[in-house]
Amino acid sequence: MGISHTKDTKVGNEFVRGVSGGERKRVSIIETLATRASVFCWDNSTRGLDASTALEYTKAIRAITDIFGLASIITLYQAGNGIYSQFDKVLVLDEGKQIYYGPRKEAKPFMESLGFICADGANVADFLTGVTVPSERMIKPEFEKSFPRTAEDIKQCYAKSSIKTSMESEFNYPTTDEAKTNTEDFRISVSHEKHKSLPKKSPLTISFTTQVRAAVIRQYQILWGDKASFIIKQVATIMQALIAGSLFYNAPNNSAGLFSKSGALFFALLYNSLLAMSEVTESFSGRPVLAKHKSFALYHPAAFCIAQITADIPVLLCQVSAFSIILYFMVGLKMDAAAFFTFWVIVFATAMAMTALFRSVGAAFTTFDGASKVSGFLIAALIMYTGYMIQKPQMHPWFVWIYWIDPLAYGFSAILANEFKNTIIPCVGINLIPNGPGYADAAFQACSGVGGATAGATSLTGEQYLASLSYSADDIWRNFGILWAWWVLFVAITIIATNGWKSQSGNSGFLLIPREKAKQTKHLTQDEETQAVRKVDPPTSSGSSETRVEEELIRNTSVFTWKNITYTVKTPSGDRVLLDNVQGWVKPGMLGALMGSSGAGKTTLLDVLAQRKTDGTIRGSILVDGRPLSVSFQRSAGYCEQLDVHEPLTTVREALEFSALLRQPRTTPREKKLQYVDTIIDLLEMHDIENTLIGTTSAGLSVEQRKRLTIGVELVSKPSILIFLDEPTSGLDGQAAFNIVRFLRKLADVGQAVLVTIHQPSAQLFLQFDSLLLLAKGGKTVYFGDIGENASTIKEYFARYDAPCPPDANPAEHMIDVVSGSLSLGKDWNQVWLDSPEHEHTVKELDHIIADAAAKEPGTKEDGFEFAMPLWDQIKLVCARANLSMWRNTDYVNNKMALHIGSALFNGFSFWQIGNSVGDLQLRLFTVFNFIFVAPGVIAQLQPLFLDRRDIYETREKKSKMYSWIAFVTGLIVSELPYLVVCAVLYFVCWYYTVGFPNDSGKAASVLFVMVMYEFVYTGIGQFVAAYAPNAVFAALVNPLIIGTLVSFCGVLVPYAQIQPFWRYWMYYLNPFNYLMGSLLVFTTYSEPVRCKEREFAIFDTPGANQTCGEYLQGYMQGMGAMSNLTNPDATSGCKVCVYRTGADYLATINLPKYYYGWRDAAIVALFAVSSYAMVYLLMKLRTKATKTAS
């Protein structure tokens, strides 16, 4: 296949740089051949290959079919006669009807016998498929009245033929003795090849362990191929461990350290769980390949799942070990080897279980939106019912079952018990009443606010504390076993779900019509082969209408030249030259072809000429009218990408109008721009699909329709210099390819300059072009000049150097064969060209063209603007499109709203009608804290959408200078805003009154305002990560680092007073979550009275026989106990003290001493909303590279 040089290169895709399109196709072919199948079905496998490689591929299939006795079924587009001659039989379909099936040699005579004419040199395959197309078929004069006009007519003629009778007789072959013997021999041979451990009916060949081994190797190759994501995961883990360790640094072994240690242990599980969420994104990124491998029976899905786990283990071990060692010893947890290794192994088991959980969620859903919605809700539910936010005894009966099915709860219970068993916990500070000068006698003090403490006691055992939480040290290893049981269950779910994955390739066939356009559009269905071939002449092809369209098309008067273009890129092995001194020109009215074998540098040259390269070094000169390229060149030249990248949720007309409004000069009235769109729709015959959505490759426009749209998007911009097209006929059948080239010829005929890279052109297509630039491997020129009448000029050139073109050969295929195929004669054709008189003439002519053009007035007027439209107009148009796309993206919007409603109701009913006790103050804190966790699920959903839109922008719209990156970012931000407001309102309504917060309308409105601002804050955070991230998986790995850090320093896991000074005076104040928590807590808690439950009172006696509690505590109540509430001041024993009087007293302990702090913090949250969106702009700017220019 000739791709040995790419063995260490990434395969790549539309957005990840890898091998060329033709080379990627050959990778697919080799992968299919490697399956050693007995029946091969090849669906248009030569798409994107040059003619020579396509022929070599077909010959290879022919050879293995003969040698191994295989059955090969191949569908082909634009098959040359060399390819066509390799087949035994031909099946011709039209509109689902079989109009011919029989020997290849008899197909052409059969159609000719019906009155059709096959022109000399024409592709027989195109002739057979064109017999039902009025614009293509040619009829013998004597058959004008009698020839079959429709597919049904030809089908009836075929039914009466002897060919059909002969074919039907072959259908009986499977029932013959010979066939039965051959089948049995085949069965036996297959069973001998199959590993003995496999079931007889299994389609697999190798043993399960070999499958796993191969899948593990592949998994590590994938990990290493995306080193950036792998490294960020490990670096982020170490950074987060250092941050968390310093946050909880050296937590004391007394009551003051209980909350800190619990927070550190909770965080150890929380961070690894957030990191595991990236498995949902990763599950979808590799799914199409795995579905294909499953259909090939390369391995069982279970082998893939086990391979993933096997690859996970060392990665997770490194991740958990680094995190655990740093966090454990920085926090100062129990200094005991057994305790540390117990902690480490439980955190590892929990990480494995959570990774398996999110992987099973990803595997179980067919759409990413559905999976992200469930994963977002899951993480919120599992975190809430870990036992940290709501302690086990405080859980309401309707949701307590979640605790029992929560892997995090088992992990948290085990590591908490591991830390506190066999310990003594003294009460200190606020937890010891009374406390301070004059109150040193433990006999007259008591613990307050510490679960498990008994009346009159100043300390408690770890076992008492654990018992107050319904935990027991005896359950540590039970919980460890349960974690692995969950892991087994989640792996089993993943295997079952993965086994049900289906390839997406068979799901196309529907044109998508937006709701508001449904009445204007006929309901159409189609398949991939549905092309724009009209069975009747289109209305626009009448003489007068055709003339009108041509008159309205813009004329080009500029000459485009390039001279001595050399393009070099850096590789690990040194500099690599991709283009080597290439030169040429395109004049107005000229249709130029750019050809060469796969990997010769055709697309690279087009990118260099169009100023679309952002790396590498370009040498040489690229001129328009003999002058350097202007700032407006990229928008003044049309460029049609090989891959048709479009916004899927806009209609065809909307896409055309968007391009016209943004790329035509600002001096052109809007009405004129839209009128020109109608002209292009007429030209490209797109009236029937103008109101249908573009969609995706699996549902939406067909390949050919997308290609016409790509051309249309460039044409409506009225390119004033020339139009570049990269492989516009790739993937189309002969008729559709001819249609596209016919359009291009029409453009050239009215004065446009057009330069086209093209693969496998038929003789008929090739002759439509005026000139040819032919490249060999390494971007070396082999020929540049006119093609000539019937390709006479180029035939004469090659004949002169001992490579004559046979009379019946396609000259385009012949040239590729001569330059890089079997007919190369061992010559260096680049050197032949450099030594030829044609080359000498080209150099002189090029210099003359440049000098002549430079001496004249330029053909195009330079307006001096980088973009056609002012920034404000760009923003309006881009925002309008983004809003419309968002409105149509019902899955995304519904999932966002469902996640908010579900999370809010869950939060509300979990913290149902919170009371006014001391313990309830903690619940108020945690229900507000839980609101933060709506962010990870929504961010995980919005980032892939942002990245998809960014890929469209960077791949096409940025390079054509359609609009600025500022407009792009503004559009994505503005389109989210109304839905974020609605989501905040929905969350507020479902949550605020359910948890029993104040009914005061002022406070409720204040809370709603802050919630809306928070929606903006976290959306901005998610978008600025996505703005710079290379892919969705990378973004999903960065999220836990950012969210984890913000959660750590918001004053919940560690109260303000206990945060280390290093962090307290900058990180705490730079954290938007801190101000979110502060404002919400002030508005909901500040004025609320606190009433201790009986077990929350500190109960103790006075030292004097007749001393009252009020007298004994007078000094304390005026000092450290100023916030406390003595309920029985006149009693002489059994003094009962509640640690707080109102919510204000509690808030003072967490750095919220005054009510105005609520509004101060609300205003700061609003500022953070602005700054987080500003970060989106900043990071998008940093990512946006300038394109390379020739020097």
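For the sequence shown, this note's numbering assigns the number 62 to the initial residue and increments by one for each residue that follows. Heads up, the beta-carbon is just placed ideally off N, CA and C, and yes, glycines get one too. Remember, predicted model here, so these are calculated numbers, not experimental data.
query = Is it right to say residue 912 is buried, meaning 16 or more other beta carbons lie within 10 angstroms of its own, or is it exposed?
reply = exposed
message = For residue 325, which residues in the same chain have their Cβ closer than 6 Å to its Cβ, ignoring the five residues on either side in sequence?
response = 309, 392
ask   = Per DSSP, residue 102 is paired with what?
value = 134
ask   = Residues in its own chain within less than 7 Å of residue 470 by CB, not counting five upstream and five downstream?
value = 446, 447, 448, 464
Where residue 671 sits in the DSSP three-state scheme = coil
query = What are the complete alpha helix (DSSP H) segments, minimum 4 residues, inside the stretch 678–746?
reply = 694–697, 713–724, 731–745
request  = Tell me, to the nearest whole angstrom, how far the beta carbon of residue 451 is from that of residue 94; I am working on the premise that it is less than 8 Å.
outcome  = That belief does not hold up - the Cβ atoms of residue 451 and residue 94 are roughly 59 Å apart, past 8 Å.
key: Distance, residue 454 Cα to residue 501 Cα   = 34 Å
query = Among the residues of its own chain, which have a CB less than 6 Å from the CB of residue 692, if the five just before and after it don't count?
reply = 927
task = Report yes if the C-beta distance between residue 670 and residue 816 is below 9 Å; otherwise report no.
result = yes
query = Is residue 708 close to chain B, meaning its C-beta is less than 9 Å from at least one C-beta of that chain?
reply = Structure shown: chain B not included; a single protein chain is present.
inquiry  = How far does the beta strand (DSSP E) with residue 627 in it extend, from its first residue to its last?
reply    = 621–632
ask   = Of the residues 426, 375, 1220, 1118, which one's Cα is nearest the Cα of residue 1067?
value = 1220
key: Collapsed DSSP secondary structure at residue 944 in the structure displayed   = helix
key: Paired residues, beta bridge with residue 150 - DSSP   = 164
task = Report the rounded CA-to-CA distance for residue 767 versus residue 617, giving the unit in angstroms.
result = 25 Å
query = With 16 as the cutoff for other CB atoms within 10 Å, does residue 584 come out buried or exposed?
reply = Interpretation of residue 584 is limited by its pLDDT of 49, a score under 50 that renders its predicted location unreliable; no figure is taken from the coordinates.
message = Bridge partners for residue 637 per DSSP, in chain order?
response = 630
request  = Taking 9 Å as the cut-off, decide whether the C-beta atoms of residue 954 and residue 346 are in contact.
outcome  = no
query = Using the C-alpha atoms, what's the distance from residue 736 back to residue 906?
reply = 40 Å
One or two residues paired with residue 836 in a DSSP bridge = 657, 842
task = Would you mind stating whether residue 1318 and residue 1233 have Cβ atoms separated by less than 9 Å?
result = No answer is possible for residue 1318: the residues shown for the chain start at 62 and end at 1252.
ask   = Where does the unbroken beta strand (DSSP E) through residue 487 begin, and where does it stop?
value = 485–487
key: Distance between residue 1113 and residue 1140 (C-alpha atoms, nearest Å)   = 14 Å
query = Any heavy atom of the ligand PLP within a distance shorter than 8 Å of the CB on residue 508?
reply = Summarising the ligand content, the structure contains no ligands, and the ligand PLP is consequently not present.
ask   = Can you tell me whether DSSP reads residue 466 as helix, strand or coil?
value = coil
message = What does the Cβ neighbour count give for residue 293, buried or exposed, with the cut at 16 atoms within 10 Å?
response = buried
query = Are there 16 or more other CB atoms within 10 angstroms of the CB of residue 1235, so buried, or fewer, so exposed?
reply = exposed
key: Beta-ladder partner(s) of residue 1254, from DSSP   = In the structure as shown, the chain begins at 62 and stops at 1252. Residue 1254 is therefore absent and cannot be evaluated.
DSSP bridge partner residues for residue 1186 (one or two, in chain order) = 1199
query = CB-CB under 6 Å to residue 484, same chain, minus the five flanking residues each way: which ones, in chain order?
reply = 523
query = Do you know offhand how far residue 165's Cα is from residue 142's?
reply = 11 Å
query = Considering only C-alpha positions, which residue in the set 938, 819, 847 is nearest to residue 1030?
reply = 938
ask   = How would you label residue 181, buried or exposed, when you count the other beta carbons within 10 angstroms and need 16 or more for buried?
value = exposed
C-beta atoms of residue 1077 and residue 1107 nearer than 9 Å = no
Run of the alpha helix (DSSP H) containing residue 273, from where it starts to where it stops = 269–286
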